[in-house]
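**Student:** Order-wise, the sequence lines are chains A and B.
Under this note's numbering, the first residue of the first sequence is numbered 23, with each subsequent residue one higher.
Under this note's numbering, the first residue of the second sequence is numbered 15, with each subsequent residue one higher.
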Amino acid sequence: NAGVTQTPKFQVLKTGQSMTLQCAQDMNHNSMYWYRQDPGMGLRLIYYSASEGTTDKGEVPNGYNVSRLNKREFSLRLESAAPSQTSVYFCASSEAGSGNTIYFGEGSWLTVV
Amino acid sequence: QKEVEQDPGPLSVPEGAIVSLNCTYSNSAFQYFMWYRQYSRKGPELLMYTYSSGNKEDGRFTAQVDKSSKYISLFIRDSQPSDSATYLCAMWYSGGGADGLTFGKGTHLIIQP
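(1) Using a Cβ cut-off of 8 Å, which residues of the stretch 46 to 66 of chain A contact any Cβ in chain B, in chain order?
(2) Quick check on the DSSP output: the beta strand (DSSP E) that includes residue 69(B) runs from which residue to which?
(3) Per DSSP, what are the beta-bridge partners of residue 87(B) in this structure?
(4) According to DSSP, is residue 22(B) helix, strand or coil?
(5) Cβ closer than 9 Å: which chain A residues qualify as neighbours of residue 101(B)?
(6) Which one of 126(B), 106(B), 100(B) and 115(B) has the shortest CA to CA distance from residue 22(B)?
(7) Alpha carbon to alpha carbon, how far is residue 61(B) from residue 142(B)? Give it in angstroms, no decimals.
(8) So with CB distances below 8 Å, who are the chain A contacts of residue 117(B)?
(9) What residues from chain A crowd round residue 114(B), counting only those whose CB sits closer than 9 Å?
(10) Could you check whether the Cβ of residue 24(B) sits closer than 7 Å to any Cβ belonging to chain A?
(11) Roughly how many angstroms separate the alpha carbons of residue 40(B) and residue 95(B), rounded to a whole number?
(12) Mark residue 99(A) as exposed unless 16 or more other C-beta atoms lie within 10 angstroms of its C-beta, in which case mark it buried.
(13) Using a C-beta to C-beta distance shorter than 7 Å, which residues of chain B count as neighbours of residue 128(A)?
(14) Please classify residue 119(B) as buried or exposed, where buried requires at least 16 other C-beta atoms within 10 Å of its C-beta.
(15) Would the stretch 46 to 56 of chain A count as touching the stretch 112 to 131 of chain A if we require 3 or more Cβ pairs under 8 Å?
(16) Where residue 124(A) and residue 92(B) are concerned, what is the direct C-alpha to C-alpha distance, given to the nearest angstrom?
(17) Could you work out which residues of chain A lie near residue 39(B), taking near to mean beta carbons separated by less than 8 Å?
Laid out in structure tokens, this is it:
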């Protein structure tokens with residue numbers, strides 16, 4: 023039972039480069055999320071998708087775009103990476119409207135130099 | 015005032031001790047109260063959630079909610095070195111969507127063998 027799978031796990035980017043973080047879940051969940059976690063800042067919501075075909079901004083969306091490719095997959099794109107985007111990124115999923123049972127992936131460690 | 019306050023620790027206790035982890039919150043709309051465990055370089059793992067006030071027990075773990083005081087606790091009995099991790103509280107209200115889910119910044123717990 024894979025749950026939420028993220029790729030890549032580690033990535034180093036140069037300032038200005040672009041990249042996409044991939045996420046897939048096998049729990050048939052409707053809602054998916056992207057968070058970033060920084061020391062002293064906790065988990066902050068970047069974007070979420072309440073259901074297939076919809077996406078909404080979270081607390082810190084600037085510099086990111088998302089695509090809900092289908093029910094299983096939700097990708098996060100950095101168009102022009104900046105050092106401030108150095109962080110750990112977590113994808114998560116839940117049943118529709120169930121913020122009390124969110125399941126996270128293992129994380130993607132991104133360093134922008 | 016932040017919505018959810020959690021002491022970052024570290025909290026260091028000897029093996030076998032009872033551990034008490036706590037969070038306070040300010041938004042009286044919160045209905046669901048969750049605890050996540052996060053091991054180093056891993057994603058948060060949902061431990062348990064409680065609806066409204068009261069206690070919920072799961073093995074060595076007990077979650078307690080006092081809505082009148084806006085205070086929640088997680089107790090770990092017979093603590094083990096494998097319990098060493100960061101524990102995040104989270105809170106959510108139905109109808110709030112993804113924006114209604116708020117995390118504490120986590121308490122780093124160390125169980126000394």
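Glycine residues also receive a C-beta, built at the ideal position from the N, C-alpha and C atoms.
**Tutor:** Reading off the structure:
(1) 53, 55, 62, 63, 64 and 65
(2) 68 to 72
(3) 36(B) and 78(B)
(4) coil
(5) By Cβ distance, chain A contributes nothing, its closest Cβ being about 12 Å from residue 101(B), past 9 Å.
(6) 100(B)
(7) A question about residue 142(B) goes unanswered here, because the residues of chain B that appear run from 15 up to 127.
(8) 64 and 65
(9) 121
(10) no
(11) 33 Å
(12) exposed
(13) 56 and 57
(14) buried
(15) yes
(16) 27 Å
(17) In chain order: nothing, as chain A lies at least about 14 Å away.
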